[in-house]
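Colleague: Okay, handing you the structure first.
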Amino acid sequence: MGTEVLSTDVCCPPSPSSSFSSTSSSPSNLVDRPFKIIVQTQTFLIDAENMRQLSPIFSIMCFGKDFDKMDEYHREIVDEKSGDVGIFLDAIQDHSLIGVKNLPVILRLANKYQVDSVIDACEDFVRRQNLDILSTDEVLTIVIACHEFHSSKDVVVKLIRRLANEEKTTFNRLKLSRRLPAQIYGAVIGANLNLCQIREVGQMNGHWLRTVGSRARWYRAPCEFCKQITDCANCDTCRKTMCRDHVAENKCPDSYGTKMLKELKENIVELEWD
13 MGTEVLSTDV
23 CCPPSPSSSF
33 SSTSSSPSNL
43 VDRPFKIIVQ
53 TQTFLIDAEN
63 MRQLSPIFSI
73 MCFGKDFDKM
83 DEYHREIVDE
93 KSGDVGIFLD
103 AIQDHSLIGV
113 KNLPVILRLA
123 NKYQVDSVID
133 ACEDFVRRQN
143 LDILSTDEVL
153 TIVIACHEFH
163 SSKDVVVKLI
173 RRLANEEKTT
183 FNRLKLSRRL
193 PAQIYGAVIG
203 ANLNLCQIRE
213 VGQMNGHWLR
223 TVGSRARWYR
233 APCEFCKQIT
243 DCANCDTCRK
253 TMCRDHVAEN
263 KCPDSYGTKM
273 LKELKENIVE
283 LEWD
């Protein structure tokens with residue numbers, strides 16, 4: 013499978029293993045059925061026979077009935093930029109070219125032209141990616157694209173989970189409530205609250221302390237262990253009133269708190285997604 017970029021400014025020899033290349037020599041020798049896609053001032057030469065196997069849209073584009081009496085097969089795309097189409101065609105050839113910066117463009121065009129192999133490659137890229145090394149803005153851009161084109165649930169959940177790690181000041185700075193669809197924004201806020209609760213419950217040493225919001229409710233009272241009047245909390249399972257030190261020193265004999273912590277960790281992101 014081959015694709016050339018026909019341009020007076022671009023003239024590079026094709027790679028022997030490439031499906032898509034930039035060249036200006038012997039186009040018809042490089043592909044089984046040469047087909048030109050014209051975008052703005054640039055022309056891309058693709059292998060129509062191979063492209064029809066990847067996409068039903070390209071099958072219609074490249075093998076329409078209106079080509080029966082034409083000497084040269086071509087289509088003009090008037091609603092896209094040549095740079096975006098070039099990035100997309102390169103990604104069809106080599107999925108390793110999919111990256112953080114170009115994923116939204118590639119995913120959009122892969123959905124537009126129904127190239128399932130590239131859609132899958134975009135999702136696999138997110139699955140493999142360490143999202144912690146990306147900026148919040150980069151993750152935000154990707155999750156918006158994945159929501160728009162209804163990516164797989166595990167991909168969207170992973171992105172939501174990463175955004176939920178941020179502080180609420182970051183949410184306000186990025187204006188998440190305006191930029192994110194309501195469904196995704198609600199899931200991010202819910203996951204953020206769950207993470208706060210996990211951190212709080214994780215410090216309870218197996219106890220299930222009474223809370224105010226997601227925080228343990230501490231108040232002045234005598235500790236049942238040391239008898240000192242200090243900041244104490246009540247455990248709803250072992251029914252003890254303890255100071256901070258004795259919560260840390262005495263693990264709850266009941267397993268309820270531990271089970272609830274495990275359940276919280278398993279359900280950080282709550283998202284209805286078909």
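For the sequence shown, this note's numbering gives the first residue as 13, with consecutive numbering after it. Built from N, CA and C at the ideal position, the CB exists for glycine as well. Treat the numbers as computed from the prediction; the structure is a model and nothing was measured.
1. Spatial neighbours of Asp248 within its chain, please: C-beta separation below 7 Å, excluding the five flanking residues on both sides.
2. Mind listing, in chain order, the continuous alpha helix (DSSP H) runs of no fewer than 4 residues lying wholly within the region 109 to 165?
3. The alpha helix (DSSP H) that contains Arg256, what's its start and end?
4. First and last residue of the beta strand (DSSP E) that includes Gln54?
5. Which residues bound the alpha helix (DSSP H) around Lys239?
6. Can you tell me which of the three DSSP states Ser267 falls into?
7. Which stretch, first to last residue, makes up the beta strand (DSSP E) that contains Glu92?
8. Alpha carbon to alpha carbon, how far is Cys250 from His162? Give it in angstroms, no decimals.
9. Give me, in chain order, the residues of the same chain whose beta-carbon lies closer than 8 Å to that of Ile118; leave out the 5 immediate sequence neighbours on both sides.
10. Should the region 256 to 263 be called in touch with the region 172 to 187, which here means at least 3 C-beta pairs below 8 Å?
11. So what's Arg229 in DSSP terms, helix, strand or just coil?
12. Taking C-beta to C-beta, are Ile196 and Ile156 nearer than 9 Å?
13. Give me, in chain order, the residues of the same chain whose beta-carbon lies closer than 8 Å to that of Gly76; leave out the 5 immediate sequence neighbours on both sides.
14. Would you list the residues sitting across from His86 in a DSSP beta bridge?
15. Ordered along the chain, which non-local residues of its own chain (more than five positions away) have a Cβ less than 6 Å from that of Ser94?
16. Taking its Cβ as the centre, do 16 or more other Cβ atoms sit within 10 Å of Ser267, making it buried, or is it exposed?
17. For Ser37, which residues of its own chain have a beta-carbon under 7 Å away from its beta-carbon, when the five flanking residues on both sides are left out?
18. Less than 9 Å between the beta carbons of Leu188 and Leu152, yes or no?
19. Can you tell me which of the three DSSP states Val281 falls into?
20. Identify whether Thr295 lies in helix, strand or coil by the three-state DSSP scheme.
21. Taking DSSP's pairing of strands, which residues face Asn62 in a bridge?
22. So, for His258: in the same chain, excluding its five sequence neighbours on each side, which residues have a beta-carbon less than 7 Å away from its beta-carbon?
23. I believe Leu140 touches Val167 by the beta-carbon criterion, under 8 Å. Please report the beta-carbon distance rounded to the nearest angstrom.
Modeller: Based on what the coordinates show:
1. Counting from 1 along the sequence shown, the entry for residue 248 is found at position 236. Excluding sequence neighbours, Asp248 sits near Trp220 and Arg222.
2. List check, alpha helix (DSSP H) in window: 115 to 124, 128 to 140 and 148 to 160.
3. Here residue 256 refers to the residue found at position 244 when the sequence shown is read from its first residue. Segment Arg256 to Glu261, the alpha helix (DSSP H) holding Arg256.
4. Taking the sequence shown and counting its residues from 1, the one referred to as residue 54 is at position 42. Looking at the DSSP string, the run of the beta strand (DSSP E) that includes Gln54 is Gln54 to Asp59.
5. Residue numbering aside, residue 239 sits at position 227 when the sequence shown is read from its first letter. It is not in any alpha helix (DSSP H) - Lys239 carries neither H nor E in the DSSP assignment.
6. Against the sequence shown, residue 267 aligns to sequence position 255. Coil at Ser267, not helix or strand.
7. As a first step, residue 92 must be located in the sequence shown, where it is residue number 80. Under the DSSP assignment, Glu92 falls outside any beta strand (DSSP E); it carries neither an H nor an E label.
8. Mapped onto the sequence shown, residue 162 falls at position 150. Mapped onto the sequence shown, residue 250 falls at position 238. When only Cα atoms are considered, His162 and Cys250 end up about 46 Å apart.
9. In the sequence shown, residue 118 corresponds to position 106, counting from 1. Around Ile118, the same chain offers Ile99, Phe100, Ala103, Ile110, Val130 and Cys134 as residues with beta carbons nearer than 8 Å, after the five sequence neighbours per side are excluded.
10. A contact between stretches requires three or more CB pairs, one per stretch, nearer than 8 Å, and the region 256 to 263 fails this requirement with the region 172 to 187.
11. As a first step, residue 229 must be located in the sequence shown, where it is residue number 217. DSSP places Arg229 outside both helix and strand once states are collapsed to three, so it counts as coil.
12. For the purposes of this step, residue 196 is identified with residue 184 of the sequence shown, where counting begins at 1. For the purposes of this step, residue 156 is identified with residue 144 of the sequence shown, where counting begins at 1. Against a cut-off of 9 Å, the Cβ pair of Ile156 and Ile196 comes out as a contact.
13. What you label residue 76 is simply residue 64 of the sequence shown in a count that begins at 1. Around Gly76: no qualifying Cβ.
14. Residue mapping note: residue 86 aligns to position 74 of the sequence shown, counting from 1. Per the DSSP secondary-structure output, His86 pairs in a beta bridge with Lys48.
15. For this step, residue 94 is matched to residue 82 along the sequence shown. If we look at Ser94 and ignore the five residues flanking it on each side, its Cβ neighbours are Val51, Gln52 and Gln54.
16. Within the sequence shown, the letter at position 255 stands for residue 267. Exposed, by the Cβ-count rule.
17. Locating residue 37 in the sequence shown gives position 25, where the first residue counts as 1. Low confidence applies here, because Ser37 scores a pLDDT of 37, under 50, leaving its location unreliable and the question unanswered by this model.
18. As a working mapping, residue 188 is identified with position 176 in the sequence shown. As a working mapping, residue 152 is identified with position 140 in the sequence shown. In contact: Leu188 and Leu152 (Cβ atoms closer than 9 Å).
19. Locating residue 281 in the sequence shown gives position 269, where the first residue counts as 1. Assignment of Val281 by DSSP, reduced to helix, strand and coil, places it in the coil class.
20. This structure cannot settle anything about residue 295, because the visible part of the chain is limited to 13 through 286.
21. To locate residue 62, count along the sequence shown from 1; it is residue 50. Bridge partners of Asn62 according to DSSP: none are assigned.
22. Counted from its first residue, the sequence shown places residue 258 at position 246. Excluding residues within five positions, the ones whose Cβ falls inside 7 Å are Cys235, Phe237 and Cys238.
23. Here residue 140 refers to the residue found at position 128 when the sequence shown is read from its first residue. Here residue 167 refers to the residue found at position 155 when the sequence shown is read from its first residue. According to the sequence displayed, residue 140 carries Arg and not Leu. Going by Cβ atoms, the distance from Arg140 to Val167 rounds to 11 Å, so no, they are not a contact pair.
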